[in-house]
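All remarks here apply to the structure that follows.
Protein chains in written order, with the working numbering: chain A, 1 to 109; chain B, 1001 to 1240.
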């Protein structure tokens, strides 16, 4: 940890950013190809999510220097995002229920 | 005396690791984010709140799309671009994605050159970032114009569920606004860098404080965040 705490982002070689830039291009092309080749079903959704998470991880970890920040800051920022996932879960249940009501009682809603 | 005790507690916090380091930092009765300046910490906290804002937009879009009995318009066809008689799905969106990623690349490099105190390279890279950002907003304006001509409104569209328009204008509009403000502040900071404000200690016109090259990094955090949000919009709105 002592090493991380004293890390100076000026020490990074420019090459690191060029490599990440290249990977972001590759991953974006991959997600575009998912649509281009009309992949469907679970394969489509899992690939979209995979490329999305990889891209987001690269941007946050390297471009935003999160990989070199102290854990206290990393956790303070990343943990609250968990609340968003809980919110997503709640709204998935809610929309399922709404859709069911709309399907069962077409005239009502 | 105060200085000595401050240093001791900071040392103590620095020596623990893992979860213990978080407990040590947060219970140290001083600054929790040890080697992080207030400016950077506040930008992170602002970005966290902005994450919640965009999350709410994307979650309401998800709710609308999941609960409607009317078919959702196929984004692959809606956002297709015709070139020489051939239709390319999502072409403009793909170009916008690459432009925004490139702007993030130049921004990351600007931060690096800033810490090396290379004024001109930093400013040029920041202005390149701003130019790419402006290009992104321009393409978005083109896309909006195209869709509005095709009859997309927040309350209706020719292809399916009415919520498509409101979700589209709300989410991309809010994101485009973020990019626009980013471009403005990129130009402001680039001007300060070029003029040497961070070397001569010139005071800012608004805060009357001396800036430092960390401003470039804080600006970078915001800019990368805008790129980050686009990653999620691209995945959930355009590809899903």
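All residues carry an ideal CB built from backbone N, CA and C; glycine is no exception.
Neighbouring residues, chain A, relative to residue i (Cβ below 7 Å)
i: residue 1123/B; result: Going along chain A, no residue has its Cβ under 7 Å from residue 1123/B, so there is no contact; the nearest lies around 16 Å.
i: residue 1240/B; result: 48
i: residue 1087/B; result: Under the 7 Å cutoff, chain A gives no residues; its nearest Cβ is about 12 Å from residue 1087/B.
Beta-carbon neighbours of residue i, restricted to chain A and to distances below 9 Å
i: residue 1219/B; result: Here the premise fails: no neighbours, minimum Cβ distance about 12 Å.
i: residue 953/B; result: Nothing about residue 953/B can be read from this structure; chain B reaches only from 1001 to 1240.
Nearest-angstrom Cα separation, counted from residue j out to residue i
i: residue 1133/B; j: residue 84/A; result: 28 Å
i: residue 2/A; j: residue 1018/B; result: With a pLDDT of 36 at residue 2/A, under the threshold of 50, the predicted position of this residue should be treated as unreliable, and no value is reported.
i: residue 6/A; j: residue 76/A; result: With a pLDDT of 42 at residue 6/A, under the threshold of 50, the modelled position of that residue is not reliable, and no figure is offered here.
i: residue 1037/B; j: residue 70/A; result: 12 Å
i: residue 1236/B; j: residue 1058/B; result: 8 Å
i: residue 1226/B; j: residue 1085/B; result: 34 Å
i: residue 1034/B; j: residue 61/A; result: 19 Å
i: residue 1022/B; j: residue 1016/B; result: 9 Å
i: residue 94/A; j: residue 1199/B; result: 56 Å
i: residue 105/A; j: residue 1044/B; result: 46 Å
i: residue 1039/B; j: residue 1157/B; result: 44 Å
i: residue 103/A; j: residue 1155/B; result: 22 Å
Under 7 Å by beta carbon: chain B residues contacting residue i
i: residue 46/A; result: Those within 7 Å of residue 46/A in chain B number zero; the least Cβ separation is about 12 Å.
i: residue 104/A; result: Result: empty, since nearest Cβ-Cβ is about 11 Å, beyond 7 Å.
Integer-rounded CB distance, given that residue j should sit under 8 Å from residue i
i: residue 1209/B; j: residue 1203/B; result: 6 Å
i: residue 1114/B; j: residue 1213/B; result: 4 Å
i: residue 1066/B; j: residue 92/A; result: 7 Å
Beta-carbon neighbours of residue i, restricted to chain B and to distances below 8 Å
i: residue 56/A; result: 1228, 1231 and 1232
i: residue 72/A; result: 1021, 1022, 1025, 1026, 1032, 1033 and 1034
i: residue 99/A; result: 1066, 1067, 1068 and 1069
Under 8 Å from the C-beta of residue i: neighbouring residues of chain A
i: residue 1237/B; result: Correct list: empty, because the minimum Cβ distance to chain A is about 11 Å.
i: residue 1059/B; result: 84, 87, 88 and 91
| Taking any Cβ of chain B, which residues in the segment 13–33 of chain A have a Cβ under 7 Å from it, in chain order? | 14, 17, 21, 24, 25, 28, 31 and 32
| Going along the chain, which residues of the segment 1020–1043 of chain B sit with their C-beta nearer than 8 Å to a C-beta in chain A? | 1021, 1022, 1025, 1026, 1032, 1033, 1034, 1035, 1036 and 1041
| chain A contacts from the segment 1090–1107 of chain B (Cβ-Cβ distance under 7 Å) | 1090, 1094, 1097, 1098, 1101, 1104 and 1105
| Counting pairs of beta carbons, one from the segment 1220–1238 of chain B and one from the segment 1054–1070 of chain B, are three or more of them closer than 8 Å? | yes
| said: When you compare the segment 1094–1105 of chain B with the segment 1122–1140 of chain B, are there three or more beta-carbon pairs, one atom per stretch, that lie closer than 8 Å? | reply: yes
| Touching or not, the segment 14–21 of chain A and the segment 1215–1230 of chain B, by the rule of three or more beta carbon pairs under 8 Å? | no
| query | Looking at C-beta atoms only, is the number of pairs between the segment 1180–1195 of chain B and the segment 1054–1073 of chain B that lie closer than 8 Å three or more? | reply | Cβ pair count under 8 Å is below three, so no.
| Contact between the segment 1082–1097 of chain B and the segment 27–40 of chain A (3+ Cβ pairs under 8 Å) | yes
| field | Any 3 or more C-beta pairs closer than 8 Å across the segment 1114–1123 of chain B and the segment 1161–1180 of chain B | value | no
| request: Count the CB pairs spanning the segment 1139–1152 of chain B and the segment 1024–1034 of chain B that are closer than 8 Å, and state whether there are at least three. | output: no
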